[in-house]
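Q: Take 1 as the starting number for the sequence shown in full-length UniProt numbering and just add one per residue.
From the three backbone atoms N, C-alpha and C, an ideal C-beta is built for every residue, glycine too.
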Amino acid sequence: MVIAQFLLYLQHEKRYSPHTLKSYQTDLLQFSDFLNQSFELSLLEAGHAQVRSYMVALMEAEVSERTIGRKLSTLRSFYKYQLREGLISTSPMTLLRAPKIPQRLPVFIEDQKLDVLLDSGEFFSETFPSIRDKVVIETLFGTGMRLAELLSLTAESIDFYGSTIRVMGKRNKERIIPISKLLADQLKAYLDIKTLQNFHNKMGPLFVTDKGAAAYPKLIYRIVTSYLTFISTQDKKSPHVLRHSYATSLLNRGADLNAIKELLGHASLAATQVYTHNSIERLKSIYKQAHPKA
Numbered sequence: 001m002v003i004a005q006f007l008l009y010l011q012h013e014k015r016y017s018p019h020t021l022k023s024y025q026t027d028l029l030q031f032s033d034f035l036n037q038s039f040e041l042s043l044l045e046a047g048h049a050q051v052r053s054y055m056v057a058l059m060e061a062e063v064s065e066r067t068i069g070r071k072l073s074t075l076r077s078f079y080k081y082q083l084r085e086g087l088i089s090t091s092p093m094t095l096l097r098a099p100k101i102p103q104r105l106p107v108f109i110e111d112q113k114l115d116v117l118l119d120s121g122e123f124f125s126e127t128f129p130s131i132r133d134k135v136v137i138e139t140l141f142g143t144g145m146r147l148a149e150l151l152s153l154t155a156e157s158i159d160f161y162g163s164t165i166r167v168m169g170k171r172n173k174e175r176i177i178p179i180s181k182l183l184a185d186q187l188k189a190y191l192d193i194k195t196l197q198n199f200h201n202k203m204g205p206l207f208v209t210d211k212g213a214a215a216y217p218k219l220i221y222r223i224v225t226s227y228l229t230f231i232s233t234q235d236k237k238s239p240h241v242l243r244h245s246y247a248t249s250l251l252n253r254g255a256d257l258n259a260i261k262e263l264l265g266h267a268s269l270a271a272t273q274v275y276t277h278n279s280i281e282r283l284k285s286i287y288k289q290a291h292p293k294a
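1. Let me know if Pro217 comes out buried or exposed under the rule of 16 or more other beta-carbons within 10 Å of its beta-carbon.
2. Between which two residues does the beta strand (DSSP E) harbouring Val208 extend?
3. What are the uninterrupted segments assigned as alpha helix (DSSP H) that are 4 or more residues long and contained completely in the UniProt domain "Core-binding (CB)" (1-83), given in chain order?
4. Would you kindly report the start and end of the unbroken beta strand (DSSP E) that includes Ile176?
5. Could you give the distance in angstroms between the alpha-carbon of Gly265 and the alpha-carbon of Arg97?
6. Taking all protein chains shown into account, do 16 or more other C-beta atoms lie within 10 angstroms of the C-beta of Gly142, making it buried, or fewer, making it exposed?
7. Do Val63 and Pro92 come within 9 Å of each other at the CB atom, strictly closer than that value?
8. Going by C-alpha distance, which of Leu10, Gln5, Tyr16, Met1 is nearest Lys173?
9. At the level of alpha carbons, what is the spacing between Gln5 and Ser42?
10. Is it right to say Ala184 is buried, meaning 16 or more other beta carbons lie within 10 angstroms of its own, or is it exposed?
11. For Lys71, which residues in the same chain have their Cβ closer than 6 Å to its Cβ, ignoring the five residues on either side in sequence?
12. Classify Thr233 as helix, strand or coil using the three-state DSSP reduction.
13. Alpha carbon to alpha carbon, how far is Gly169 from Thr156? Give it in angstroms, no decimals.
14. Please name the residue or residues paired with Val167 in a DSSP beta bridge.
15. In chain order, what residues of the same chain have a beta carbon less than 7 Å from the beta carbon of Leu250, not counting five sequence neighbours either side?
16. Report, in whole angstroms, the separation of the C-beta atoms of Gln234 and Val116, which I expect to be a contact under 8 Å.
17. Closest to Leu95 by CA distance: which of Leu140, His48, Leu10 is it?
18. Nearest CA to the CA of Ile109: which residue from Ser232, Gly254, Ala270?
19. By DSSP, does Ile223 sit in helix, in strand, or in coil?
20. Out of Leu44, Ile158, Arg222, Tyr54, which one is the CA nearest neighbour of Lys134?
21. What does the alpha-carbon distance come out to for the pair Lys236 and Leu228?
22. So, at 7 Å on beta carbons, what are the nonlocal neighbours of Leu7 in its own chain, with the 5 sequence-adjacent residues on each side left out?
23. Reducing DSSP to helix, strand and coil, say where Thr154 ends up.
24. In angstroms, rounded to a whole number, what distance separates the CA positions of Ser130 and Gln112?
25. Is it buried or exposed, Ile176, if we count other Cβ atoms within 10 angstroms and call 16 or more buried?
26. Per DSSP, which residues does Arg214 bridge with? Please list them.
27. What residues are listed by DSSP as bridge partners for Asp159?
28. Let's see if you can read the secondary structure: which residues bound the alpha helix (DSSP H) around Phe128?
29. How would you label Gly1, buried or exposed, when you count the other beta carbons within 10 angstroms and need 16 or more for buried?
30. I'd like to check one pair, Phe207 with Leu114: are the Cβ atoms closer than 9 Å?
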C-alpha cells in the first residue's frame with residue numbers, strides 16, 4: 001500500500017514517466033522482499049542497519065555501483081516522502097552514502113562518419129522503409145531528442161514555417177527545438193511518401209512501421225543500430241548515441257552550455273556538463289598530435 005501511494009505521488013505530482021515509475025516500483029519491491037526474508041520487517045520498519053545490509057548484499061551479488069546508486073536514490077526519495085507524510089519519524093537513509101560511481105563519458109559518433117552515412121547516397125534507397133530510416137536518423141541527430149520523444153511526435157509537432165519541432169519531454173515538460181532547412185525538407189518528403197502509402201494521419205504518430213502501424217522502441221533501435229554498423233565499430237550504437245553526438249557537435253562548434261541544456265531538455269546544468277569532458281579529451285588528442293613537446 002505504501003509503495004502504491006508513493007508511486008501515485010511520483011506520477012501525479014512529480015510527473016514521472018511510466019518507465020521511471022516501473023523502475024521505482026521494481027527497486028522498492030526488491031528491497032521489501034529483502035527486508036521480509038532477512039529480517040521479517042516491513043518497509044516502514046527498516047532502519048539504517050537494514051539498508052546497510054541490503055547494500056552489502058547487492059555488492060556481494062556483483063551489482064554495479066551505478067545500479068546500487070540508483071536503488072539507494074529510490075529508497076532516499078521513498079523515505080523522504082514517508083517522513084513528509086508523518087509515517088516515519090526518522091529516515092534510515094540519513095547516514096548512508098552511495099558508492100562512488102566511476103565517470104563514464106558519453107559515447108558519440110564523429111560528424112565526419114555521420115556525414116558519410118547520411119550524405120554519400122550509398123546507404124539509403126527510394127523505398128518507403130529506407131526513406132523513413134534515414135529521416136529517423138536525421139531527426140535524432142538533428143535535434144538530440146530522446147527515443148520516447150521521437151515516438152511521441154506527430155505531423156502537428158512540426159512547424160515548417162518556423163523550422164521547429166515541439167517535443168514533449170520528461171515529466172510532460174514541453175520544449176521547442178529548432179531544425180535545419182535540410183531536415184525540414186526531408187520531413188516534408190517523408191510525409192508526402194507516407195501519404196502516398198496511405199499511412200498518413202495528421203494526429204497519428206509521425207514515424208510508422210512498414211505497414212503503417214505506430215513505430216515502437218525496438219524498431220527504432222534496430223534502424224539506428226543497423227545503419228551505424230556501416231560507419232562505426234564501437235559497441236554502443238543506440239538512439240541515445242545520436243543524442244550524445246548532437247550535444248558533442250554543438251559544444252565542439254562553440255555552442256553555449258546553457259543553450260545545449262535547453263535544447264536537450266536537461267533539468268540541471270550538471271547533466272549537460274558531462275559533454276565538456278568529451279571536448280577536453282578531443283583537445284588533448286589534438287595537442288598530442290600537433291604540439292612538438294607533447
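A: According to the structure shown:
1. exposed
2. Premise fails: Val208 is in no beta strand (DSSP E) and is neither H nor E.
3. If you keep only unbroken alpha helix (DSSP H) runs of at least 4 residues inside the UniProt domain "Core-binding (CB)" (1-83), you get 2-12, 18-39, 48-60.
4. 174-178
5. 28 Å
6. buried
7. no
8. Tyr16
9. Per the coordinates, the alpha-carbon of Gln5 lies some 15 Å from the alpha-carbon of Ser42.
10. That one is buried.
11. Asp27
12. The answer is coil: DSSP assigns Thr233 none of H, G, I, E or B.
13. It is worth fixing the name first, because residue 156 is Glu in this sequence and not Thr. Their Cα atoms are separated by approximately 16 Å.
14. According to DSSP, residue pairing for Val167 in a beta bridge involves Arg175.
15. Ile260
16. 15 Å between Cβ atoms; not a contact.
17. His48
18. Measuring from the Cα of Ile109, the nearest candidate turns out to be Ser232.
19. helix
20. Arg222
21. 9 Å
22. Leu21, Tyr24, Gln25
23. strand
24. 21 Å
25. exposed
26. Strictly speaking, residue 214 in this sequence is Ala, with Arg absent from that position. Its beta-bridge partners are Val208.
27. Thr164
28. 128-143
29. The sequence given here places Met at residue 1; Gly does not occur at that position. Under this definition Met1 is an exposed residue.
30. no
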